[in-house]
Amino acid sequence: MQEWISEHRQYLKLDGKSLNTLDAYQSDLEQFAGFLKESFHLEDPRDIQALHIRAFLQWLSELPNCNRSLSRKLAALNSWFIFLKIRGIRSDNPMRRIRRPKFEIPLAKVFSEEEMALLMRIPDTSDIFGVRNLAMLELLYSCGLRLMELANLKLEDVDFRRRVIRVMGKGNKQRVIPFGSKALDALKQYLGKRELLAHEDSSTKVFLTKSGKDFDRRQLNTILSHYMDLIAREKGFSPHTIRHSFATHLLARGADLRAIQELLGHSKLSTTEKYTHLTLEQIKEAYEKGHPRSGE
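Residue numbers (the numbering used here): 2 to 297.
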């Protein structure tokens with residue numbers, strides 16, 4: 002079964018799926034294969050039936066999995082069985098006989114505008130690392146970037162004249178995003194000192210580690226999470242919270258939902274629409290705090 006999991010990964014890679022998706026789907030499918038082997042002594046994908054999938058889902062439901070993880074595992078299984086059908090290994094997709102559970106998606110956490118302003122004052126800009134980190138934070142908030150979009154940003158992707166950046170997002174989909182004056186100032190200050198980090202073997206990536214190498218997701222997350230922890234009101238805040246805050250603040254100030262969809266690089270408007278619910282909660286919270294008769 003491992004052979005077909007590996008070939009499925011290669012199939013998705015050629016289809017332009019992100020490394021995060023490739024790793025997640027492979028992990029999910031290997032977990033499924035391990036469950037089938039241990040519970041049913043089953044190792045041939047041609048022998049998998051809907052009842053085996055239902056048993057797997059029941060087993061997962063008893064584990065501390067979040068709804069998002071369960072939903073992704075279903076997507077991974079469906080993608081794999083479609084692949085097996087394309088390759089002629091199976092004549093059907095047993096996922097079509099699985100009733101998908103409806104998951105209640107929790108509202109994403111966001112920083113307030115005041116908290117974001119505070120966040121930008123934390124980096125110590127007396128050294129190159131603080132200057133770099135401030136530029137990363139400003140660009141994340143100004144453009145609503147994913148961490149790997151920030152890590153993969155190249156010098157040639159930044160257009161100072163038009164004040165936009167060119168980003169390669171999920172599925173190798175390119176988009177152009179404007180950035181604000183605060184991000185412009187922070188980026189110019191950092192690029193003026195970038196040579197302190199770069200060496201002859203450095204790439205053209207905008208942001209470099211202290212050794213002049215490219216960032217990976219883990220390194221970025223570690224550095225930026227340090228700042229998140231200093232202002233977070235509770236657990237659950239991360240660098241990705243800045244992306245949620247970007248969208249929520251735009252929407253709260255009257256930005257068009259479809260424009261926000263384009264800026265975030267969402268392929269479906271429904272993905273962006275979750276921020277309308279989030280803003281409603283914020284409006285209700287503001288009403289409860291501010292209206293003199295809200296408690297009656």
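Glycine included, each C-beta is placed from N, C-alpha and C at the ideal position.
Exposure label - residue i; buried when at least 16 CB within 10 Å
i	result
Gln262	buried
Arg133	buried
Gly237	exposed
Trp5	buried
Glu39	exposed
Val111	buried
Glu139	buried
Glu201	exposed
Glu150	buried
Those residues which DSSP pairs with residue i across a bridge
i	result
Gln175	Met169
Lys155	Lys206
Asp160	Val165
Asp215	Leu209
Spatial neighbours of residue i in its chain, beta-carbon cut-off 8 Å, leaving aside the 5 residues before and after
i	result
Leu185	Phe161 and Arg164
Ile86	Reading off the sequence shown, one finds Lys at residue 86, where the question assumed Ile. Ser92, Asp93 and Asn94.
Asp45	Met2
Pro25	Checking the displayed sequence, the identity of residue 25 turns out to be Ala instead of Pro. Within the same chain, Ala25 has close Cβ partners Arg73 and Ala77.
Leu37	Met2, Leu43, Glu44, Ile49, His53 and Phe57
Ser203	Leu209, Gly213 and Lys214
The ligand PLP heavy atom lying under 7 Å from the CB of residue i
i	result
Arg47	Ligands are entirely absent from the displayed structure, and the ligand PLP is therefore not among its contents.
N- and C-terminal bounds of the alpha helix (DSSP H) containing residue i
i	result
Arg101	Segment: none, Arg101 is in no alpha helix (DSSP H) and carries neither H nor E.
Met137	Ile129 to Cys144
Leu268	As written in the sequence, residue 268 is Ser, which differs from the Leu given in the question. Premise fails: Ser268 is in no alpha helix (DSSP H) and is neither H nor E.
Sequence-distant residues of its chain with Cβ nearer than 7 Å to residue i (five each side left out)
i	result
Ile83	Asn94
Leu1	Residue 1 lies beyond the stretch modelled for the chain, which goes from 2 to 297, so this question has no answer here.
Leu15	none
Glu8	none
Neighbourhood of residue i by C-beta distance below 6 Å, restricted to the same chain and skipping five residues each side
i	result
Ser19	Lys171
Arg244	Gly145
Ser143	Phe180, Gly181 and Ala184
Subject >> Ordered list of alpha helix (DSSP H) runs contained in the stretch 24-80, each at least 4 residues >> reply: 51-62
**OP:** Run through the stretch 221-251 for me and flag every whole beta strand (DSSP E) of 3 or more residues, listed as ranges in chain order.
**Re:** Look at the stretch 221-251 and you find no whole run of beta strand (DSSP E) that is 3 residues long or longer.
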